[in-house]
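Below: one structure, written as structure tokens.
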Amino acid sequence: METLWQDLRYGFRMLARNPGFTAVAVLTLALGIGANTAIFSVVNAVLLRPLPYEEPERLVMVWNELTKEGLPQLWFSEPELIDYRQRQQSFEGMAAFSGGGGNLTGRGEPLRVTAANVSANFFPLLRVDAFLGRTFTPEEDTPGNDRVIVLEHGFWQRRFGGDPAIIGETVSLSDNPNTVIGVMPSGFTFPDGTVDLWTPLAIDTADPNGRGSHYLRVLARLKSGVTFEQASADMHNIAKQMEQDYPDYYRPDRAWNTYLIPLHESEVGEVRSALLVLLGAVGFVLLIACTNVANLLLARAAVREKEVAIRAALGAGRLRIVRQLLTESVLLALLGGSGGLLLAMWGTDGLVLLSPAGLPRLNEIAVNEWVLGFTLLVSVIAGVLFGLVPALHASRPDLHNTLKEGGRSAAGAGHHRLRGLLVVSEVALTPPGVSSWRNCRPTRPTFRSVISRATTAIPLRATSGRWG
Amino acid sequence: MMNASAQPLIRLEGLTKVFYTDEVETHALAGIHLELRQGEYVAIAGPSGCGKSTLLSLLGLLDSPTEGGYWLNEKPVAELSLAERTRIRNQEIGFIFQNFNLIGDLSVFENVELPLTYRGMAAAERRERVGEALDKVGMGHRAKHLPSQLSGGQQQRVAVARALVGRPLILLADEPTGNLDSKNGEAVMELLRELHQDGATVCMVTHDTRYAKHAERAIHLFDGRIVEETKAGEAVEVG
């Protein structure tokens, strides 16, 4: 521990005495580590962190398919929702939602808003309560009683200045008076970040739309003790019953089936590959930065050859010298990591601003303790990575020649070969094509963009949907 | 002055060193036979390029011979591992170089402390030993200074302190006065003589016959061979 402290002290002193070298190396590393930290903060929020709901692993999206028609993702129609709700035994409940919206008037200029029409059990299934007021009652989820709205937190702040007195106030949505009954907590934007408010779905169960009008996305929560596989089998069985009960709609030659996708997979599945490719690309950027700093260290190793030789002559073993030099390089990397963290904090805000439409969980992107841990880990690994080769090279000095009066400090052939190798590595590491941030968009349309389609009756041979 | 021990501390038999650069062979040392006893003060003298420093490097385990045998404290050096050679350099040998070879970024205290640090000695004992060594060379008052803030003579005194702080079996001094004026040179020679009188074994390389006379015995090299050995007050032709 004491020797580590000595190495750290000496490392700081060496860096302070060589401000030019230190500044270039720290800046190079800060750019590499900062890019990795910024992209990791996105990967962490989008891919790695569990969804911000209670027991999110029990939440699934329910999809239909007509495999022989080439339709792998079909939404539900109202009669299908009613049938499946009655027959299923695996879920605590099945909530439905669809796209909606209209012109909002009252308190300020008229505004085009994006709404999600949701069943009354939508919020309870997600286990999310209102921040102010309440969510919908089953009574409000029926035709004629559905003139109520719940506001998204950000929209409430922007449109109503965060005024709590909005609860109970009437606003006009597409010329119909609606009472504001609640405001959801900050960060809750399900099904995606474009939602401004929620309204009741209000299906007329006594007189539902046609069976071929598929416009409902269905969310369900597994009952406690029911596995994903058991629920999938349950859905498959119901689909078979549907073929028997409604042979005109679900002809066996069209292969009607119903299946589940975990909500997390459904939310982020489409951007997973693009984000991982992007993370890999910035990983290469960091490797290039490490190669550059390794080259700088090798150049400096020639200057420090005498010092290392003195230490070796006085009894420093090779391991001791390597450890000291690695301590210095890790220290350098930690300084670079600190700079990178600052860059990432700004960069993350920029990434959110420039994010492609429809990127899920944008509001969860933040530099948090996981990102800090990642930066620390990457910094230490980078320090070892760029420090090891120069340290191993420097730890074998030619003592006799180096310690002589006017002893050579010029680098040997091996030194030049090593630097040449690093330059070649750097060229080899340059990724041929870097996936851009703007390419990380889901292939499915955003909530806002499906409003027009969602309000149109879709025949049984419907297109594949957006949300899962 | 202590009498030299009967057992040789260093024994060289047929020691040869050849340097290979590109296709050129340079015979730096050829067939060196030599014995150094504990408590002796030996000078290795000769003109520039005669192989003095190469011999000292071999004695200090800074380099390895091409041929021949080297026994240090009756142990064959050829059989030592790299780690064992490093340990011996740290614990049994003290080096004094012509160009001081102090580390510029370390203070005087830290420079002298370095061999003890590598030995894993406790901090309190290190402080005590470094203080003693610096006082012995009259540099205790400059402990916090950097080498660049000292004169050449003061830097060499610090180097001497660093060499003796570990209480080595032998002090190897390579032209210790080479970068000093005559006054500082004499002062360093006086310091070595005092250390020898206190019991240290000293082997010093010098091209200056005035300083060689400070030793009890002088080995004269020419073209990599021992050509003459003189003891205080006599001259013995070799070969």
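Protein chains in written order, with the numbering used here: chain A, 1 to 468; chain B, 1001 to 1239. Don't be surprised by glycine CBs; every beta carbon is placed ideally from N, CA and C. These numbers come from a predicted model, not from an experiment.
Check	Outcome
Should leucine 1062 (chain B) be counted as a contact of the ligand NAP given a C-beta to heavy atom distance under 7 Å?	This structure does not include the ligand NAP; it has no bound ligands of any sort.
Nearest CA to the CA of histidine 1196 (chain B): which residue from B:Lys1183, B:Glu1216 and B:Leu1034?	B:Glu1216
Taking the alpha-carbon of valine 293 (chain A) as reference, which of A:Pro262, A:Ala25 and A:Leu132 has the nearest alpha-carbon?	A:Ala25
Quick one: using the 10 Å Cβ neighbour count with 16 as the cut-off for buried, is phenylalanine 1109 (chain B) buried or exposed?	buried
So that I know if they touch, is there some Cβ in chain C lying closer than 8 Å to that of methionine 14 (chain A)?	Protein chains A and B are contained in the structure displayed, whereas chain C is not.
Using a Cβ-Cβ cutoff of less than 7 Å, which residues in the same chain neighbour phenylalanine 190 (chain A) once the five nearest sequence positions on both sides are dropped?	Leu126
For alanine 130 (chain A), tell me which candidate among A:Ala95, A:Glu267, A:Pro185 and A:Phe122 has the shortest Cα-Cα distance.	A:Pro185
What residues in its chain sit with their C-beta under 6 Å from that of phenylalanine 123 (chain A), if we drop five residues either side in the sequence?	Thr135
Please confirm whether aspartate 1063 (chain B) and histidine 393 (chain A) have their CB atoms less than 8 Å apart.	no
Secondary structure at glutamine 241 (chain A), three-state DSSP: helix, strand or coil?	helix
How about asparagine 1111 (chain B) and arginine 1162 (chain B): are their beta carbons less than 8 Å apart?	yes
Consider the Cβ of proline 1115 (chain B): report whether some Cβ of chain A lies at a distance smaller than 8 Å.	yes
What's the C-alpha gap between proline 360 (chain A) and asparagine 178 (chain A)?	29 Å
Which residues, taken in chain order from the segment 321-338 of chain A, show a beta carbon closer than 7 Å to some beta carbon of chain B?	none
Using a cut-off of 7 Å between C-beta atoms, extract the partners of alanine 394 (chain A) located in chain B.	Within chain B, no residue comes near alanine 394 (chain A); the closest Cβ sits about 14 Å away, beyond 7 Å.
For the putative contact between phenylalanine 1100 (chain B) and glutamine 1155 (chain B), defined by C-beta atoms under 8 Å, what is the C-beta separation to the nearest angstrom?	4 Å
Starting from the C-beta of leucine 8 (chain A), find all residues in its chain whose C-beta is less than 8 Å away, skip the five residues before and the five after it, and write them out in chain order.	Thr327 and Leu331
By Cβ distance below 8 Å, which residues in the same chain neighbour leucine 1169 (chain B) in space, the five residues on each side in sequence not counted?	Leu1009, Gln1038, Asn1073, Glu1092, Ile1093 and Thr1201
For chain B, find out if any of its Cβ atoms is closer than 8 Å to the Cβ of glutamate 2 (chain A); answer yes or no.	yes
Asparagine 76 (chain A) bridges to which residues according to DSSP?	The question names asparagine, but residue 76 (chain A) in the sequence shown is phenylalanine. Looking at the DSSP assignment, phenylalanine 76 (chain A) forms a beta bridge with A:Leu216.
State the beta-bridge partners of alanine 1043 (chain B) as determined by DSSP.	B:Met1204 and B:Ala1218
State the Cα-Cα distance for the pair arginine 408 (chain A) and threonine 402 (chain A), rounded to the nearest angstrom.	Unreliable positioning characterises arginine 408 (chain A) in this predicted model, as indicated by a pLDDT of 47, which lies under 50. The coordinate reading is nonetheless provided below. Whole-angstrom Cα-Cα distance: 6 Å.
What residue range is occupied by the uninterrupted alpha helix (DSSP H) comprising asparagine 401 (chain A)?	399-403
Would you list the residues sitting across from tryptophan 5 (chain A) in a DSSP beta bridge?	Per DSSP, none; premise fails for tryptophan 5 (chain A).
Report the residues of the segment 301-312 of chain A with a CB closer than 9 Å to any CB of chain B, ordered along the chain.	Lys306, Glu307, Ala309, Ile310, Arg311 and Ala312
Any idea what DSSP makes of alanine 454 (chain A), helix, strand or coil?	Here the model assigns alanine 454 (chain A) a pLDDT of 37, short of 50, so the residue's position is not dependable and the matter cannot be decided.
Under a Cβ-count criterion, where at least 16 other Cβ atoms within 10 Å of its own Cβ denotes burial, should arginine 251 (chain A) be classed as buried or exposed?	exposed
How would you call valine 367 (chain A), buried or exposed, if buried means at least 16 neighbouring beta carbons within 10 angstroms?	buried
On the DSSP bridge assignment, give the partners of phenylalanine 1019 (chain B) in chain order.	B:Thr1026
Does DSSP classify methionine 14 (chain A) as helix, strand or coil?	helix
Using the rule of at least 16 other Cβ atoms within 10 Å of the residue's Cβ for burial, across every protein chain shown, is alanine 16 (chain A) buried or exposed?	exposed
What does the alpha-carbon distance come out to for the pair methionine 345 (chain A) and glycine 32 (chain A)?	14 Å
Mapping DSSP to helix, strand and coil, what is lysine 1183 (chain B)?	helix
Near leucine 1102 (chain B), what residues of its chain come up, given a Cβ to Cβ distance below 7 Å and the 5 sequence neighbours on each side ignored?	Asn1111, Pro1147, Gln1155, Val1158 and Ala1159
Mark lysine 68 (chain A) as exposed unless 16 or more other C-beta atoms lie within 10 angstroms of its C-beta, in which case mark it buried.	exposed
Is it the case that the Cβ atoms of asparagine 44 (chain A) and glycine 187 (chain A) are separated by a distance below 8 Å?	no
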